[in-house]
Each structure stands twice: as structure tokens, then as C-alpha cells.
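This report concerns only the one structure given below.
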Amino acid sequence: MEKELKYVDMVEQPISMHPKKFALWLFMVSVVMVFAGLTSAYIVRQAEGNWLEYDLPEIFWITSGIALLSSFTLHWAYFSAKKDNFLNLKIGMGLTVLLGIAFLIGQWYSWVAMVDREVFFVGNPSGSFLYVFTGLHAAHLISGVIFLIIVLISTLRLQVHSKAMDVMEMATTYWHFLGGLWLYLFMFLLLNH
Amino acid sequence: MATATVAHHDEAAHEHHEHHDNFITKYIFTQDHKMIGKQFLITGMFWAIIGGFLSILFRLQLGFPEMSMEFLRPLLGGWIDESGALDPNFYLALVTMHGTIMVFFVLTAGLSGTFSNYLIPLQIGARDMASGFMNMLSYWFFFLSGVIMFISLFIKTGPAGGGWVVYPPLSALEQAIPGSGLGMTLWLIAMTFFIASSLLGGINYITTVINLRTKGMSFSRLPLTIWAFFLTAVIGLLSFPVLFAAALLLVFDRSFGTSFYLSDIYIGGEALPNTGGSPVLYQHLFWFLGHPEVYIVLLPALGITSEVIATNSRKPIFGYKAMIISMLGITILSFIVWAHHMFVSGMNPFLGSIFMFLTLIIAVPSAVKVFNYLTTLWRGNLIFTPAMLFSIGLVSFFISGGLTGIFLGNSAIDIQLHDTYFVVAHFHLVMGSASFFGLMAGVYHWFPKMFGRMMDAKLGYIHFWLTFTGVYLVFFPMHYIGIAGFPRRYYSWTNFNFADMYTDLNMFVSVAAIITFAAQFIFIFNFFYSMYRGRKATLNPWRSNTLEWTTPLYPGHGNWPGEIPTVYRWPYDYSKPGAAEDFIPQTVPLSATPESNLPHEQELVALEMEIMKDESEVLVANESKH
Numbered sequence: 001m002e003k004e005l006k007y008v009d010m011v012e013q014p015i016s017m018h019p020k021k022f023a024l025w026l027f028m029v030s031v032v033m034v035f036a037g038l039t040s041a042y043i044v045r046q047a048e049g050n051w052l053e054y055d056l057p058e059i060f061w062i063t064s065g066i067a068l069l070s071s072f073t074l075h076w077a078y079f080s081a082k083k084d085n086f087l088n089l090k091i092g093m094g095l096t097v098l099l100g101i102a103f104l105i106g107q108w109y110s111w112v113a114m115v116d117r118e119v120f121f122v123g124n125p126s127g128s129f130l131y132v133f134t135g136l137h138a139a140h141l142i143s144g145v146i147f148l149i150i151v152l153i154s155t156l157r158l159q160v161h162s163k164a165m166d167v168m169e170m171a172t173t174y175w176h177f178l179g180g181l182w183l184y185l186f187m188f189l190l191l192n193h
Numbered sequence: 194m195a196t197a198t199v200a201h202h203d204e205a206a207h208e209h210h211e212h213h214d215n216f217i218t219k220y221i222f223t224q225d226h227k228m229i230g231k232q233f234l235i236t237g238m239f240w241a242i243i244g245g246f247l248s249i250l251f252r253l254q255l256g257f258p259e260m261s262m263e264f265l266r267p268l269l270g271g272w273i274d275e276s277g278a279l280d281p282n283f284y285l286a287l288v289t290m291h292g293t294i295m296v297f298f299v300l301t302a303g304l305s306g307t308f309s310n311y312l313i314p315l316q317i318g319a320r321d322m323a324s325g326f327m328n329m330l331s332y333w334f335f336f337l338s339g340v341i342m343f344i345s346l347f348i349k350t351g352p353a354g355g356g357w358v359v360y361p362p363l364s365a366l367e368q369a370i371p372g373s374g375l376g377m378t379l380w381l382i383a384m385t386f387f388i389a390s391s392l393l394g395g396i397n398y399i400t401t402v403i404n405l406r407t408k409g410m411s412f413s414r415l416p417l418t419i420w421a422f423f424l425t426a427v428i429g430l431l432s433f434p435v436l437f438a439a440a441l442l443l444v445f446d447r448s449f450g451t452s453f454y455l456s457d458i459y460i461g462g463e464a465l466p467n468t469g470g471s472p473v474l475y476q477h478l479f480w481f482l483g484h485p486e487v488y489i490v491l492l493p494a495l496g497i498t499s500e501v502i503a504t505n506s507r508k509p510i511f512g513y514k515a516m517i518i519s520m521l522g523i524t525i526l527s528f529i530v531w532a533h534h535m536f537v538s539g540m541n542p543f544l545g546s547i548f549m550f551l552t553l554i555i556a557v558p559s560a561v562k563v564f565n566y567l568t569t570l571w572r573g574n575l576i577f578t579p580a581m582l583f584s585i586g587l588v589s590f591f592i593s594g595g596l597t598g599i600f601l602g603n604s605a606i607d608i609q610l611h612d613t614y615f616v617v618a619h620f621h622l623v624m625g626s627a628s629f630f631g632l633m634a635g636v637y638h639w640f641p642k643m644f645g646r647m648m649d650a651k652l653g654y655i656h657f658w659l660t661f662t663g664v665y666l667v668f669f670p671m672h673y674i675g676i677a678g679f680p681r682r683y684y685s686w687t688n689f690n691f692a693d694m695y696t697d698l699n700m701f702v703s704v705a706a707i708i709t710f711a712a713q714f715i716f717i718f719n720f721f722y723s724m725y726r727g728r729k730a731t732l733n734p735w736r737s738n739t740l741e742w743t744t745p746l747y748p749g750h751g752n753w754p755g756e757i758p759t760v761y762r763w764p765y766d767y768s769k770p771g772a773a774e775d776f777i778p779q780t781v782p783l784s785a786t787p788e789s790n791l792p793h794e795q796e797l798v799a800l801e802m803e804i805m806k807d808e809s810e811v812l813v814a815n816e817s818k819h
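Respectively, the protein sequence lines represent chains A and B.
If you read the first sequence in my numbering, its first letter stands for residue 1, the second for the next number, and so on.
If you read the second sequence in my numbering, its first letter stands for residue 194, the second for the next number, and so on.
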């Protein structure tokens, strides 16, 4: 029976995905590991005591909303591309890029709010961790915005349509991932505060 | 330029003939996985010589503490003081750089980088890696990392000196030792590039193995080398990002004044402003990479050994599935044992016993692998090629070094042995020498494929016996020195009376180390001489089953001039009863070998006929994929 099965999969070309999409997933795995390392460091460090308590910047609620909204607009653009609805695609992509930039500006204001609370990057690790989480996430988000802008340019050139969705799919995957990553970080901070 | 070479690549894939690359696209910024593999190999060899030479320098100090090192002044300059003694700070830098270079540059990039790149597409039947550009980037990040590390050897304050594990606070405070200054900064920058290189490479290896296998190459027909490279890449993908996180926080502590790892430190009577940090946090993060790194180094060597031993025993590998399951077991376990490096860091003893338990479980898959190597060798028609000797040497080190791991994994015994030469002996045998022997076995075995010529076997034998005996002469005495209580990384023990009776032993180790190091130049000579003057290789010199031997003697970019061969069987059909030859390559259909087919294989032949009929009609999907 086992040999039989082996034989059946010999008939077919071995399972395979689009290699670049697959590589993107692997890249996201490595990003997950960076943040898993950092957040677990946070927990380990917090358990040791001498931990500064402060209120999280309220603007995080707004930026989380923006992140969520941008995922919706991008997915709308994605469906529009699938249906070859180019006007909606362009609007959706443009909106997403703008929301992405708005998110980054919002994150900057969270740092301003932190400084107002007199919690600085240099000082008790409890504050420093927040700067590292948001900063490193923002660095990845910038790469995401650049990716979106590249896709936006190709949509303006009508290079994205229902028969050429690879780049669009990758951008969508990556953007949803970055949004999800932020929501995870925010939840993590809310729960471990 | 990138687009130009991409175009080349496509042409090679579709029209099946090689275009004339110019020197730069062929040898420097190449996207051909074979050339990238060779680049990794040559760079790795360069670093191995440097790393080995550094160890000779500190072995001189350890074996002959009273000796005048005046003769090294032309090379080391100010690091030799007026009385002719080696500077203690430079000694620390030497051990640090020896460790860093050997672990990361030689046994990670030089081993996994070389053979994953070279063998994955050739053995799974692919034209190239999933992304040739990323692959090229991976090498050049590694190269850049090497350049930065190399520069750090020559700066005034010396290279990093905090040990290859760079524990804070020593590594975090510039005022601690000279080696924590600019040298440490360069070390961190170099390692960041190295991590980027490893991730780019690893993502490529995984993608390629999963997505670009040729027709018929199911996971249950992959050579064990590919399984090993695949799992190595998975481990790297999961663990290197965590090292990046650890290094990032260390950079912030060093350059921006944060206190992730620093707390309540007094230097020169002055209290530092840092408060609230935890140095043990760094150790957790570091060893979460550091332990899997051991298997990143070892697994490729074990994979190469499986292949070489099966081929040269003319027998199927014993327990193919057991080998895969043990490697999977090792992969998973490697992530949950890191704290056995930290038994004496003040951790909860209960937690220590959990990590001890998990650590000792690793002995099971390791023993399965050793058992399978030995049973593959058992009553085989052994052919002692140099590659075979090095593989058997690996098994020997894996046993003798692995046994001491059982002692060290025990949290109670570790209190005595921690950070002594016993540890040094243990990991140099089981990880250092074993992986090095795997690397050597790989080079001797695949040299004919890489350069179309044979390496000289006699020189190979001399190289093997000198190295094999040399390694044991160096590392076996270290167990005694370690049990006696000699700590690692100490510049000298002349202040302790108990140390007097071991001076001879240290001297013996140093002499053995120098001879072993010198023996490596036999290999270097053999390598470069054979590259140009070696005997011309035949297409399949070891009479091996795997796909790489079906390529032309000098495979072009794209590997196979025609269609990619289809795979009909597993790679270990050696000495199959009834077969005319003692090997049946993977490309031979079952229907072509009725005399040796087992009953259940005979049933498959009819089905196979249908496929072969289809095949002539259907395009190989790989072709259209490019």
C-alpha cells in the first residue's frame, strides 16, 4: 500500500508553489522569530522585577484601527484586480499606501507620547522594549510601504490584472502579515502591562 | 547587470546551451549555484587557514608559557611586549576570533553554504536555485561580513575579545577590555551581515527543495544529503533571527545607552547609570541560536557521511527512514535544550533538571544515526577512498565526542566541568572535528563533479591519517586537563601549583596541534594542484546513484544540456540482488531491471509503462516553470 502511494506521487510533478511566494512566507517566518525572541525576552525580563510601569500611548488604538482599515482597502484592491476593475484597484492601492504612511506617522506620535510620559529609550528596559518593538516593526512596515508603492506604480501601468496577480498576491500577503504582527505586538503589550 | 544575467539564465534553461558569460558574470557576480558553491568553499578554506593559524598562536602560549615570541613580532607587532610575551588581551581576542571564524565562517558558511548550494539543485534535478539573485546576494553578504571581520583583526585595539558567545556585560562595556571597543562593534556589524546571508541562503534552500524537485523525486526518494541540508536550513531560518534580536539589543546597549543587559555595574569605583538589565537574558537569547547552531554545523556533515558511506560500502543505507526521523528529532530537540549551556548561571535547579532530561534525549536519535552508519558499513564491500576514510573518521569522532556529551548534559556533573577544557575537548570532537571531517569527505567526494578532475588519493590518505591521529592527540588529553579543573580562555595558570604537573600535557597538545595544522597544507596543495593537473575524472567515478553524476563532466548553467532526468527509484540501490552492476542510478526505471526487482516493485512496472508513454507527450513541468 505504501509503495502504491509512493508510486502515485511519482506520476505527478512534486507539489510546488510559486517559488517567490514561498520564499516570502519563509521570510515572514524569520520575522516572526525575531519578534518571538524579543517578546519572550520581554516576559523573561519582566519576571525578574525592577520593572517600570507606565500607561501605553492611547494613539496605539488609532494606529491599530488604521492598520486594520488598510488591510481592508488592500484586500478590496486585490479583489478589484481579480475582476479587472482597474479604477477600484488604483483607488484601493492609493488608499492603502496613504493609510500605511498614516500608520507610520501615528507610530511616531506614540514615541512623542512616550517622551511626554518621561519614558525614554534609554532607561528602564520596560520602556526601551516598547521603542524596540515599535521601531523594528516600523522598519518592516517601511519595507511594506515601499513594496506597495512598487505595486501601485505597476497598477498605474496596468501591469496588474486578473492574469498577472503574483506580485499583487505577495504584496497583500506581506501587508496583512505586517498588520497582524502589529496587532499581536499591541495585544502583547496590553496583556503584559 | 542583474537583468542581463537573468536573461542568460532563461536562455540556458530553454535552449539548453551555455552562453559565453564574461569573466565577471561567470566567476564573480555569478548566479550559477555551482559557482556560488565553489565561492563559498574557497572563502571557507581561506577562513579555515586563518582560524587554524590563530589557534596555533594561542596554543603556543598555552603549551610554552615561558617561550619568547619575539619571532612573531614581524606579524603581531605591538601584541608582543618588550619581554617577548604575548599580550593577554590579544590572547582573549585570539580565542574569540578562532571560535567565531570556525563556527560561523568555516563550518556554517563553508560547509552548509558550499554543499547546499552545490548539491541541492544537482541532486533534486533542478536547473538552479529558486532565486539565483538571492543566492548571489547571500554569498556577497557573507563576503562583506568576512571583509569586516578581517579588518577587525588589524585595528589598534584588536578584534573582539569577549569570547565567541560575546556575553554582556563584558562585551557591552567599551571600558571593560580593549576587545570590547571598536573590535566588538565590527564583530556585531559583521555578524549582522552574516545573519542576513544565512537567511537569504536558507530561504533559498528550503524553497528549492520543496518546489523545484524533478519528476518522481518524492520526499521519500531524496538523498539523505538533501534531507540534511533541508533541515539545516529550517533550523537556521528559525534560530538566526533570534540571534539577530539578541545582537540588536546588545547594539542598543553598547551604542545608545539602553540597559537591556546591564544593571548596577561599578567600574573604577564609579557606578554606571544603567539599571534594570539582565545579562542572563542575553544568554537565553544567544543560546536559543547557539544550540541549534551546533546542529546547523553538524547535520550537513552527517548527511554527506550518509551518502559517502552508502556509496563506498556498496550497500543501501541502513534505516533510511530511521535516519530521516532521527534528523527530524534532532531538529526539534535542538530548540528545547539551550539552557544546558547555562546550568551554572544561577537558574532554578528544577528547570535545570528538565533541560537535562531533554538534553539526554538527544542521545537517542544520535545513537540511531551512529548505529545506522555502523550497520551500513557492516559486511559491505568497503572501498576506502579518502572521502570514505573521512566519513568513517566522522563517525569515530561522533561517538567519542558524543559520549562526553552525556556527562556534560548532566546538570550536577556540569558544575565541576563547566567552562573547563573538558567542554573544549567535547565540542571540538563532536562538533568541530566531526563537521570538519564531513566537510573534507564532501570535498574529496564531489571534487570530480566540481572541477572535472580527481584529487590525488595518496595525498588524501596521508592527509587523513595525519589529521585523524592529530585530532585525537590534540583533544584526548584535553579531557584530563579539563577534569583536573583547567578553565577555558585563561591566559596562563602559572599562579596555580596544581597546574605544574600538567605543563607537559599542554606542551604535547600544542605540538600535536601544530603538526595537525601543518598537515592541512597537504590538502590545500592537493586541492589546487588537482584542480589544474589532476587526473581527468570519469562521469561517475564513484559509481554512485544520485542525479548529479548524470550531468556532463563540466555542467553548464542549467546543469543538464537536455531535459532534466526523471527519477524512478530511491538513491540507495547498491548491490541489489540479481542486478548486473552493483549500483542502479535513480534514473533507471524499474521496467529496465526486471532481474533485480522485488515482487512489489514488479507490480509497479505496468503502471510505470503508462507514465513513460505519457511522458513523451507531456512537457516536463520544470521546463515551463522558468
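Idealized CB from N, CA, C, for every residue including glycine.
Checklist entry - Mind checking if A/Pro19 is an interface residue toward chain B, Cβ cutoff 7 Å exclusive? => result It does; some Cβ of chain B falls within 7 Å.
Checklist entry - How is A/His161 classed by DSSP in three states: helix, strand or coil? => result In this structure, A/His161 counts as strand in the three-state DSSP scheme.
Next on the checklist: In this structure, how does DSSP classify B/Phe536 when only helix, strand and coil are distinguished?
Outcome noted: B/Phe536: coil per DSSP, three-state reduction.
Item to check | Inter-stretch contact at 8 Å, needing at least 3 Cβ pairs: the segment 598-616 of chain B / the segment 263-276 of chain B | outcome: No, they do not touch.
Checklist entry - So with Cβ pairs under 7 Å, would you call B/Ser452 a contact of chain A? => result For B/Ser452, the answer is yes, since a Cβ of chain A falls inside 7 Å of its Cβ.
Item to check | Contact under 7 Å by Cβ, B/Leu300 with B/Val490 | outcome: In contact: B/Leu300 and B/Val490 (Cβ atoms closer than 7 Å).
Checklist entry - Thinking C-beta only, is B/Ile497 closer than 7 Å to B/Phe433? => result Taking the C-beta atoms as reference points, B/Ile497 is found no nearer than 7 Å to B/Phe433.
Checklist entry - In this structure, does DSSP put B/Tyr614 in helix, strand or coil? => result Three-state result, B/Tyr614: helix.
Item to check | Same chain, Cβ closer than 8 Å to B/Ala197, five either side skipped, listed in chain order | outcome: At B/Ala197, the pLDDT of 39 sits below 50, so the modelled position is not reliable; the number obtained from the coordinates is stated separately. Thr218.
Checklist entry - Got a sec: is the Cβ-Cβ distance from B/Ala323 to anything in chain A below 7 Å? => result At least one C-beta of chain A is nearer than 7 Å to the C-beta of B/Ala323.
Item to check | CA nearest to the CA of B/Ile344, picked from B/Ile370, B/Tyr684, B/Ala365 and B/Ile382 | outcome: Of the listed residues, the one whose Cα sits closest to B/Ile344 is B/Ile382.
Checklist entry - Mind checking whether B/Pro493 and B/Thr425 have CB atoms under 7 Å apart? => result Inclusion of B/Pro493 and B/Thr425 in the CB contact set at 7 Å is warranted, their separation being smaller than that value.
Item to check | Neighbourhood of B/Val616 by C-beta, 8 Å cutoff - its chain only, sequence neighbours within 5 removed | outcome: Correct list, in chain order: Leu601, Leu610, Gly675 and Arg681.
Next on the checklist: Strictly below 7 Å CB to CB, what residues from chain B border A/Asn195?
Outcome noted: Coverage of chain A is limited to positions 1 through 193, which leaves residue 195 of chain A absent and any answer about it impossible.
Checklist entry - Do B/Phe386 and B/Phe334 have their C-beta atoms within less than 7 Å of each other? => result The answer is yes: Cβ separation under 7 Å.
Item to check | C-alpha distance - B/Met410 paired with A/Gly100, whole-angstrom precision | outcome: When rounded, the separation of the alpha-carbon atoms in B/Met410 and A/Gly100 is 43 Å.
Checklist entry - In the DSSP assignment, what are the bridge partners of B/Pro680? => result Partner(s): B/Thr613.
Checklist entry - In chain A, what lies closer than 7 Å to B/Asn404 by C-beta? => result Simply Ser16, Met17, Pro19 and Phe22.
Checklist entry - Taking B/Ser454 as the reference, which of A/Pro125, A/Gly65 and A/Leu178 has the closest Cα? => result One point to set straight first is that residue 454 of chain B is Tyr, not Ser, in the sequence displayed. The shortest Cα separation from B/Tyr454 among A/Pro125, A/Gly65 and A/Leu178 belongs to A/Pro125.
Checklist entry - Considering only residues of the same chain and omitting the five flanking positions on each side of B/Val563, which have a CB-CB separation below 8 Å? => result The beta carbon of B/Val563 lies closer than 8 Å to those of Val588, Phe591, Ile592 and Gly595 in the same chain, with the five residues before and after it left out.
Item to check | Neighbour-count burial assignment, B/Ala206, 16 or more Cβ in a 10 Å radius | outcome: Its pLDDT being 42, under 50, B/Ala206 is placed unreliably in this model, and the coordinates cannot settle the point.
Checklist entry - How many whole angstroms separate the CB atoms of B/Leu431 and B/Phe528, which I take to be in contact at a CB cut-off of 8 Å? => result Indeed, because the Cβ distance is near 7 Å, the residues count as touching under 8 Å.
Item to check | B/Ile294 (DSSP reduced to helix, strand or coil) | outcome: Three-state result, B/Ile294: helix.
Next on the checklist: What does the alpha-carbon distance come out to for the pair B/Trp480 and A/Met114?
Outcome noted: In a straight line, the C-alpha of B/Trp480 is about 32 Å away from that of A/Met114.
Checklist entry - Residues of chain A with a CB under 8 Å from the CB of B/Val435: which are they? => result Going along chain A in sequence order, the residues near B/Val435 (Cβ under 8 Å) are Met33, Val34, Ala36 and Gly37.
Checklist entry - How big is the Cα-Cα spacing for A/Tyr54 and A/Val32? => result Across the structure, A/Tyr54 and A/Val32 are spaced so that their CA atoms are roughly 26 Å apart.
Item to check | Residues of its chain near B/Phe336, where Cβ-Cβ distance is below 7 Å and the 5 sequence neighbours each way are ignored | outcome: Take B/Phe336, set aside five residues on each side of it, and the residues of its chain with a beta-carbon closer than 7 Å to its own are Thr236, in chain order.
Checklist entry - Along the chain, where does the alpha helix (DSSP H) that runs through B/Gly496 open and close? => result Note, B/Gly496: alpha helix (DSSP H), Pro472 to Ser506.
Checklist entry - Which residue from A/Val97, A/Gly94 and A/Tyr42 puts its Cα closest to that of A/Leu190? => result Looking only at A/Val97, A/Gly94 and A/Tyr42, the smallest Cα-Cα distance to A/Leu190 is reached by A/Tyr42.
Checklist entry - Closer than 7 Å, CB to CB, is A/Ala41 near chain B or not? => result It does; some Cβ of chain B falls within 7 Å.
Item to check | B/Phe216, DSSP secondary structure in three states | outcome: Note: B/Phe216 maps to helix in three-state DSSP.
Checklist entry - So, does the CB of A/Leu26 fall closer than 7 Å to a CB anywhere in chain B? => result Yes, A/Leu26 lies at the interface with chain B (some Cβ there is under 7 Å from its Cβ).
Item to check | Of the listed residues B/Trp357, B/Phe347, B/Pro362 and B/Pro745, nearest to B/Leu375 (C-alpha basis) | outcome: Nearest C-alpha to B/Leu375: B/Phe347.
Item to check | Delimiting residues of the alpha helix (DSSP H) encompassing B/Ile743 | outcome: In the sequence as presented, Ile is not what sits at residue 743 of chain B; that position holds Thr. Note, B/Thr743: premise wrong, no alpha helix (DSSP H); not H, not E.
Next on the checklist: Is there a C-beta anywhere in chain A that falls below 7 Å from the one on B/Ile585?
Outcome noted: Using a Cβ-Cβ cut-off of 7 Å, B/Ile585 does not count as an interface residue toward chain A, since no Cβ of chain A sits closer than that to its own.
Next on the checklist: Less than 7 Å between CB atoms is the rule here; does A/Val122 satisfy it with respect to chain B?
Outcome noted: So yes, A/Val122 belongs to the interface.
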